[in-house]
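Engineer:
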Amino acid sequence: MPFLNNYAVGVAVILCSLEVVLGVLLLLGLYGRKVAAGLLLLILFFTFLTFYSAFFNVVTSCGCFGDAIPLTPWQSFSKDIVLFIFIAIIYFFRKDIHPLFSNEISQSLALAAAIVFSIGMGIYTYQFSPFIDFLPYKEGNNLPALMHVPNGAPLDEYEITYTLQNKKTTETKSLTDKEYLAKEIWKDEDWEIVGDPKSRLIKEGYKAPIKDLSITDAQGVDHTKEIIENPYYNLLFVAYDLSKSNIRALEKLNQYAKAAAEEFNIRVVLLTASSAQNVAALNDELTLYPETFFADAVPLKSMVRANPGILLLKNGTVIKKWHYHTIPSFETLATEYFEQVD
Numbered sequence: 085m086p087f088l089n090n091y092a093v094g095v096a097v098i099l100c101s102l103e104v105v106l107g108v109l110l111l112l113g114l115y116g117r118k119v120a121a122g123l124l125l126l127i128l129f130f131t132f133l134t135f136y137s138a139f140f141n142v143v144t145s146c147g148c149f150g151d152a153i154p155l156t157p158w159q160s161f162s163k164d165i166v167l168f169i170f171i172a173i174i175y176f177f178r179k180d181i182h183p184l185f186s187n188e189i190s191q192s193l194a195l196a197a198a199i200v201f202s203i204g205m206g207i208y209t210y211q212f213s214p215f216i217d218f219l220p221y222k223e224g225n226n227l228p229a230l231m232h233v234p235n236g237a238p239l240d241e242y243e244i245t246y247t248l249q250n251k252k253t254t255e256t257k258s259l260t261d262k263e264y265l266a267k268e269i270w271k272d273e274d275w276e277i278v279g280d281p282k283s284r285l286i287k288e289g290y291k292a293p294i295k296d297l298s299i300t301d302a303q304g305v306d307h308t309k310e311i312i313e314n315p316y317y318n319l320l321f322v323a324y325d326l327s328k329s330n331i332r333a334l335e336k337l338n339q340y341a342k343a344a345a346e347e348f349n350i351r352v353v354l355l356t357a358s359s360a361q362n363v364a365a366l367n368d369e370l371t372l373y374p375e376t377f378f379a380d381a382v383p384l385k386s387m388v389r390a391n392p393g394i395l396l397l398k399n400g401t402v403i404k405k406w407h408y409h410t411i412p413s414f415e416t417l418a419t420e421y422f423e424q425v426d
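Under the numbering used here, the sequence shown has 173 at position 89, and the numbering climbs by one with no breaks.
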């Protein structure tokens, strides 16, 4: 349903808020029958959704708890089955739900407070930044270390299945690599392997938290290591889509880039997933001071939940990050960071 793409964020905020509001009302015992019915409808919808996603392999991560608690679609479906059982009990005994306070004004105020809090939380984190950053680009993380698999880390484990055929009887059978070795069937000359072995992943090994970041220039030359491992302070302006970026924020950051380079010799880089033509158009409008490089939109969105946003790096470590709504003054940046350079 691509026609809903432009409304995805709004729908997400509303759905999350609805879950929170229903949960608060349930705990307070308010509007028991309506809340029980709402919970039942909601869990039926999500149970269908997670089953559809898991069975047809629509997505590989359900996103129910974001990056805080990653769940596979089947894990999410199992979770919804458990929740459905409990909610069914609540619905069956909905007549026995009694409010903690009977005053109608107090009930209305509690409902209003739950709505304002839940929707306000969603709007705040969208307009600024999440209260807790669960992504690999969070403050304090060393990005180069998260882009590599450490020595001794567990690798993916695969099961190999062979199809064997008896030369005399033409009987066929399948054996896994472990069964093949345990039975020493290769010693029996009557059996031979036919066709190509089939490989199946049975256990995932260690995955580098950052595996999709590649920073290139307009000619496609890779500059990832050079930028990420810069031993000095450097500023990364992240704007995954220049056509949707806040132009006033870009103007402000452009002036920051000029001042940082001229006054402190700080390298400033603009990372975007937009085309070179879009960058050229923006350069005609603003006369860009930061160097421009390109990366895929997915890691750029993971870096900072803003368009544009700022990352302050030093020797590959994220020192600080800001949404464009919370960017400090350049004087503050200079005093707290740049003037402290050894």
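The C-beta atom is built at its ideal place from N, Cα and C for all residues, glycine as well. Model, not experiment: these values are computed from the prediction.
1) Taking the continuous beta strand (DSSP E) assigned at residue 329, which residues delimit it?
2) Straight-line CA distance for residue 409 to residue 332?
3) To the nearest whole angstrom, what separates the beta carbons of residue 134 and residue 160, a pair I think is in contact under 8 Å?
4) DSSP three-state label for residue 278, please.
5) Hey, is the stretch 365-376 in contact with the stretch 391-403, meaning 3+ C-beta pairs nearer than 8 Å?
6) Is the beta carbon of residue 306 sitting closer than 8 Å to the one on residue 381?
7) For the alpha helix (DSSP H) holding residue 353, just list the boundary residues, first then last.
8) Among 86, 256, 113, 412, which one has its Cα closest to the Cα of residue 178?
9) Leaving aside the five residues before and after residue 313 along the sequence, list all residues of the same chain whose C-beta is less than 8 Å from its C-beta, in chain order.
10) Within 10 Å of its beta-carbon, does residue 224 have 16 or more other beta-carbons around it, so buried, or fewer, so exposed?
11) Helix, strand or coil, according to DSSP, for residue 241 in the structure here?
12) When you compare only the Cα positions, how much space is there between residue 328 and residue 358?
13) Give the list of continuous alpha helix (DSSP H) stretches no shorter than 4 residues that lie fully inside the stretch 85-165.
14) Considering just the uninterrupted stretch of the alpha helix (DSSP H) at residue 209, what are its terminal residues?
15) Considering only their Cβ atoms, is the gap separating residue 101 from residue 202 smaller than 8 Å?
16) Is there contact here, the stretch 119-135 with the stretch 154-172, by at least three beta-carbon pairs under 8 Å?
17) Which stretch, first to last residue, makes up the alpha helix (DSSP H) that contains residue 414?
Structural biologist: So, from the data block:
1) Here residue 329 belongs to no beta strand (DSSP E), and DSSP marks it neither H nor E.
2) Looking at the two C-alpha atoms, the distance is approximately 11 Å.
3) Correct: roughly 5 Å between the Cβ atoms.
4) DSSP places residue 278 within a strand segment (E or B) once states are collapsed to three.
5) The stretch 365-376, when compared against the stretch 391-403, does not touch it at the 8 Å Cβ threshold.
6) No, the Cβ-Cβ distance between residue 306 and residue 381 is not below 8 Å.
7) Residue 353 -> not in any alpha helix (DSSP H); beta strand (DSSP E) instead, spanning 351-356.
8) Considering only alpha carbons, the answer is 113.
9) In chain order, 228, 399, 400 place their CB closer than 8 Å to the CB of residue 313, counting only its own chain and leaving out the 5 sequence neighbours on each side.
10) In this structure residue 224 is exposed. Its beta-carbon is surrounded by fewer than 16 other beta-carbon atoms within 10 angstroms.
11) Reduced to three states, the DSSP call for residue 241 is strand.
12) Each residue's Cα considered, the two are about 10 Å apart.
13) Along the length of the stretch 85-165, whole alpha helix (DSSP H) runs at least 4 residues long occupy 92-112, 116-139, reported in chain order.
14) From DSSP, the alpha helix (DSSP H) with residue 209 extends over 188-211.
15) Taking 8 Å as the Cβ cut-off, residue 202 and residue 101 qualify as a contacting pair.
16) Yes, the stretch 119-135 touches the stretch 154-172.
17) From DSSP, the alpha helix (DSSP H) with residue 414 extends over 414-420.
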